[in-house]
Amino acid sequence: MNRTYLGILLAGVALATVPWLGVPTFYESILYLVCHWAILALSWNILSGYSGYFSFGHGAFFGIGMYTTAVFAGKLNWPFLATLPLAALLPALLALGLGFVVFRVRAVRGELFALLTLAVTFVVATIILNTPVDGGPGVYLNAVDVPRIGPTASSSIYLMVLATAVVTLLVSYAVQASRLGVGLFAIHDDEDVAEVMGVPTLGYKLAAYALSCALAGVAGGIHALFVSYVTAGETFNITVPLTVVLMSVLGGTRHWAGPAIGAAAITGLLYFFTAGDHAVAGKAAVGAVLVVVILFLPDGLLGFWLRRRARQLAATPIPQPPDSAPAPAAPPQAPAVHTGQPLLEVRQLSKAFRGVQALDRVTLQVRQGEILGLLGPNGSGKSTFINVVSGHYPLSGGEIVFGGQSLTGAPPHRVARAGIARTYQIPRPFQHLSVLQNVALPAMFGGAALDQRGAEREAWKWLEFTGLQARAHALPEDLNLHQRKFLELARALASRPRLVLLDEVLSGLTPAEIDGAIDLIRRIQAQGSTIVFVEHVMRAVMALTDRIVVLNHGKLIAQGLANDVMQDSGVVSAYLGKPAHA
Ligand SMILES: Nc1ncnc2c1ncn2[C@@H]1O[C@H](COP(=O)(O)OP(=O)(O)OP(=O)(O)O)[C@@H](O)[C@H]1O
Numbered sequence: 000m001n002r003t004y005l006g007i008l009l010a011g012v013a014l015a016t017v018p019w020l021g022v023p024t025f026y027e028s029i030l031y032l033v034c035h036w037a038i039l040a041l042s043w044n045i046l047s048g049y050s051g052y053f054s055f056g057h058g059a060f061f062g063i064g065m066y067t068t069a070v071f072a073g074k075l076n077w078p079f080l081a082t083l084p085l086a087a088l089l090p091a092l093l094a095l096g097l098g099f100v101v102f103r104v105r106a107v108r109g110e111l112f113a114l115l116t117l118a119v120t121f122v123v124a125t126i127i128l129n130t131p132v133d134g135g136p137g138v139y140l141n142a143v144d145v146p147r148i149g150p151t152a153s154s155s156i157y158l159m160v161l162a163t164a165v166v167t168l169l170v171s172y173a174v175q176a177s178r179l180g181v182g183l184f185a186i187h188d189d190e191d192v193a194e195v196m197g198v199p200t201l202g203y204k205l206a207a208y209a210l211s212c213a214l215a216g217v218a219g220g221i222h223a224l225f226v227s228y229v230t231a232g233e234t235f236n237i238t239v240p241l242t243v244v245l246m247s248v249l250g251g252t253r254h255w256a257g258p259a260i261g262a263a264a265i266t267g268l269l270y271f272f273t274a275g276d277h278a279v280a281g282k283a284a285v286g287a288v289l290v291v292v293i294l295f296l297p298d299g300l301l302g303f304w305l306r307r308r309a310r311q312l313a314a315t316p317i318p319q320p321p322d323s324a325p326a327p328a329a330p331p332q333a334p335a336v337h338t339g340q341p342l343l344e345v346r347q348l349s350k351a352f353r354g355v356q357a358l359d360r361v362t363l364q365v366r367q368g369e370i371l372g373l374l375g376p377n378g379s380g381k382s383t384f385i386n387v388v389s390g391h392y393p394l395s396g397g398e399i400v401f402g403g404q405s406l407t408g409a410p411p412h413r414v415a416r417a418g419i420a421r422t423y424q425i426p427r428p429f430q431h432l433s434v435l436q437n438v439a440l441p442a443m444f445g446g447a448a449l450d451q452r453g454a455e456r457e458a459w460k461w462l463e464f465t466g467l468q469a470r471a472h473a474l475p476e477d478l479n480l481h482q483r484k485f486l487e488l489a490r491a492l493a494s495r496p497r498l499v500l501l502d503e504v505l506s507g508l509t510p511a512e513i514d515g516a517i518d519l520i521r522r523i524q525a526q527g528s529t530i531v532f533v534e535h536v537m538r539a540v541m542a543l544t545d546r547i548v549v550l551n552h553g554k555l556i557a558q559g560l561a562n563d564v565m566q567d568s569g570v571v572s573a574y575l576g577k578p579a580h581a
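Anchor point for the sequence shown: position 501 equals 500 in numbering that gives the first Met the number 0, and the numbering is continuous, going up by one each time.
Written as structure tokens, this is what we have:
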């Protein structure tokens, strides 16, 4: 069994002995609160910390869990344990419904999402307060039988919350270590790029949200029994989301255990001061600690430690990649095939932005194994072409057929899965992921669809291919422009695409770097890839391309063999100024 799972379970078993140790119940209450807040903070972190969708609505889901148990156990006399699955299910269903609407709207990210979730809390509170669910006086649970798990009723409640905290920690770790976690961290850094690299972002966000809210609901159900009297005012106040956010930030949102550490630290501190009758001083102390952490450790306690470890790793010499045979000189793909068969066909492709026709009924083919140059003056629609074909922008009209399969209107992650990869004109690496992780991600989610270990092995090969292996553990911010451009290439290639869309990979490079890049692109073609090459550097275009297509004002104005197109009078007047030669 994985050592982390084992460690969590053993810690849980050790803490489960507390009721039999004869310690004062005072300690049991502290431990109850630590576990309670740890569940809330850890569950919040699964969506908000990992994916960056900061929610201020966690209290709503916790409250729904509380009221589910309060109503079913307190009013309808269900056995307490039977209410817990419902206390998980109802918040999860609300999260799925809400997320299904909200997560599809690109504009609702960042602070708008935070505000919207806060508003949900008030809506839920108003409904509960003004319907028979509560109706105003609150709900009592005094008569509810506490399941006899421990020696006393309070220890039984403690054992239930402890078990839930252990499960939440296990889930938090499992999510971080899984594909879901990798995808969520990519969403955190750049959701659009994550989707283009094959991460099914909507599904992942929904899964994280539902999981997060279900766990909060269970915490609510147990807490209803703990407090034994539930009121809307106490349940839905802003303290819950604020405390949860602060605990997570203090512990570190990028580590599966961070929020639990934050919960233990803040609960312990508050209890310490409350026990000494200095509750206000306790709150001030917590505030002071948070100010210090935000100023000096903005990534939280465990985030600080993670960053230090990453820096140390980046500074150590690179060993042979784990479990991999010596990396081959050329990557393992099919040999070059110039069959001349169309691999990508776009017909009447159009894209309109407000007031701008960026692509105007463009029809062209990209043939298997070729390098097709896509040229045109600034603003002629080249990047838009790449954005539309990769699914980054929805098209306004026309058809896209790839390998005989229609990709018209397909979401970007499906386009990636089908075998199309792209680079960005301005590199868009995932800033918090190492170079190695940046390259492994498309190997997992793109056309290659490898498992995590396989993706890492694949990433090492492409890092060697692009000469970046010595920077494998560096963060993208530590790379120069040339290296960032090659990182874009490595990411595109790691998904083993059938078609690579290169968007001005040479811009900003020195002449020597351009020569290196030309050589690299030749090698990419030589091992079987088909390439669409958008570029303004004419010597590279003439050295590399088999055929050329020229756009102007979104319209295709010429296509054919490179030398012929370069002599075309329309191309000369619209783009070149004078004829170009090979
Ligand atoms: N997201 C957008 N919103 C509005 N207009 C856009 C958007 N993206 C591109 N455009 C417009 O579409 C047209 C084509 O832009 P595009 O970036 O595709 O040109 P390009 O040929 O790639 O130019 P360059 O060589 O400068 O990169 C331009 O008029 C541009 O302003």
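Cβ coordinates follow ideal geometry from the N, Cα and C atoms, glycine included. Keep in mind the model is a prediction, meaning the values are calculated, not measured.
Would you decide whether residue i is buried or exposed? Buried here means 16 or more other CB atoms lie within 10 Å of its CB.
{"i": "Ala329", "result": "Confidence in Ala329 is poor, its pLDDT being 45 and thus under 50, which makes the residue's placement unreliable; the coordinate value appears in the next sentence. Label assigned to Ala329: exposed."}
{"i": "Ser568", "result": "exposed"}
{"i": "Phe71", "result": "buried"}
{"i": "Leu486", "result": "buried"}
{"i": "Gln311", "result": "exposed"}
{"i": "Ala164", "result": "buried"}
{"i": "His277", "result": "exposed"}
{"i": "Pro334", "result": "Low per-residue confidence applies at Pro334: pLDDT is 40, beneath 50, and the placement is therefore not dependable enough to give any value."}
{"i": "Asp359", "result": "buried"}
Give me the Cα-Cα distance between residue i and residue j, rounded to the nearest whole angstrom.
{"i": "Ile517", "j": "Val355", "result": "33 Å"}
{"i": "Gly220", "j": "Ala142", "result": "15 Å"}
{"i": "Leu92", "j": "Ala213", "result": "9 Å"}
{"i": "Val174", "j": "Arg470", "result": "27 Å"}
{"i": "Ser433", "j": "Leu97", "result": "33 Å"}
{"i": "Gln566", "j": "His254", "result": "58 Å"}
{"i": "Val166", "j": "Ile45", "result": "13 Å"}
{"i": "Phe102", "j": "Lys204", "result": "7 Å"}
{"i": "Val564", "j": "Leu555", "result": "12 Å"}
{"i": "Leu467", "j": "Leu85", "result": "51 Å"}
{"i": "Ser153", "j": "Phe79", "result": "14 Å"}
{"i": "His222", "j": "Met65", "result": "7 Å"}
{"i": "Gly302", "j": "Ala40", "result": "15 Å"}
{"i": "Ala588", "j": "Gly515", "result": "The displayed coordinates of the chain run from 0 to 581. Any statement about residue 588 would go beyond what the structure contains."}
{"i": "Ala447", "j": "Thr407", "result": "22 Å"}
Reducing DSSP to helix, strand and coil, say where residue i ends up.
{"i": "Phe61", "result": "helix"}
{"i": "Pro549", "result": "In the sequence on display, residue 549 carries Val and not Pro. Reduced to three states, the DSSP call for Val549 is strand."}
{"i": "Ile582", "result": "Outside the modelled stretch of the chain, which goes from 0 to 581, sits residue 582, for which no answer is possible."}
{"i": "Leu505", "result": "coil"}
{"i": "Thr529", "result": "strand"}
{"i": "Gln558", "result": "strand"}
{"i": "Pro199", "result": "coil"}
{"i": "Gln364", "result": "strand"}
{"i": "Leu343", "result": "strand"}
{"i": "Pro419", "result": "The displayed chain sequence assigns Ile, not Pro, to residue 419. Strand, per DSSP."}
{"i": "Gln430", "result": "coil"}
{"i": "Val499", "result": "strand"}
{"i": "Pro657", "result": "Nothing about residue 657 can be reported from this structure: the residues present for the chain run from 0 to 581 only."}
{"i": "Phe99", "result": "helix"}
{"i": "Thr238", "result": "helix"}
{"i": "Tyr26", "result": "helix"}
{"i": "Ile260", "result": "helix"}
{"i": "Ala458", "result": "helix"}
{"i": "Ser171", "result": "helix"}
In the DSSP assignment, what residue or residues form a beta bridge with residue i?
{"i": "Ser349", "result": "Gly396"}
{"i": "Ile370", "result": "Ile530"}
{"i": "Tyr139", "result": "Tyr228"}
{"i": "Ser405", "result": "Val400"}
{"i": "Leu358", "result": "Lys350"}
Could you say which of the options lies nearest to residue i if we only look at CA atoms?
{"i": "Leu148", "options": "Val160, Tyr139 and Pro90", "result": "The displayed chain sequence assigns Ile, not Leu, to residue 148. The option with the nearest alpha carbon to Ile148 is Val160."}
{"i": "Ser528", "options": "Leu115, Ser155, Gly418 and Thr383", "result": "Gly418"}
{"i": "Asp450", "options": "Gly250, Gly182 and Asn386", "result": "Gly182"}
{"i": "Arg108", "options": "Tyr172, Ile186, Val170 and Val138", "result": "Ile186"}
{"i": "Ala94", "options": "Leu75, Tyr4 and Ser42", "result": "Ser42"}
{"i": "Gly375", "options": "Ile399, Val226 and Val549", "result": "Val549"}
{"i": "Leu9", "options": "Phe53, Val104, Leu169 and Val138", "result": "Leu169"}
{"i": "Pro150", "options": "Gly299, Thr16 and Asn479", "result": "Thr16"}
{"i": "Phe235", "options": "Phe225, Ile293 and Leu128", "result": "Leu128"}
{"i": "Ala162", "options": "Ala13, Lys74, Ala69 and Leu492", "result": "Ala13"}
{"i": "Ser395", "options": "Ala493, Ser349 and Ala448", "result": "Ser349"}
{"i": "Thr362", "options": "Tyr26, Phe61, Gln558 and Thr130", "result": "Gln558"}
{"i": "Ala525", "options": "Ala259, Gln367, Pro441 and Ser572", "result": "Gln367"}
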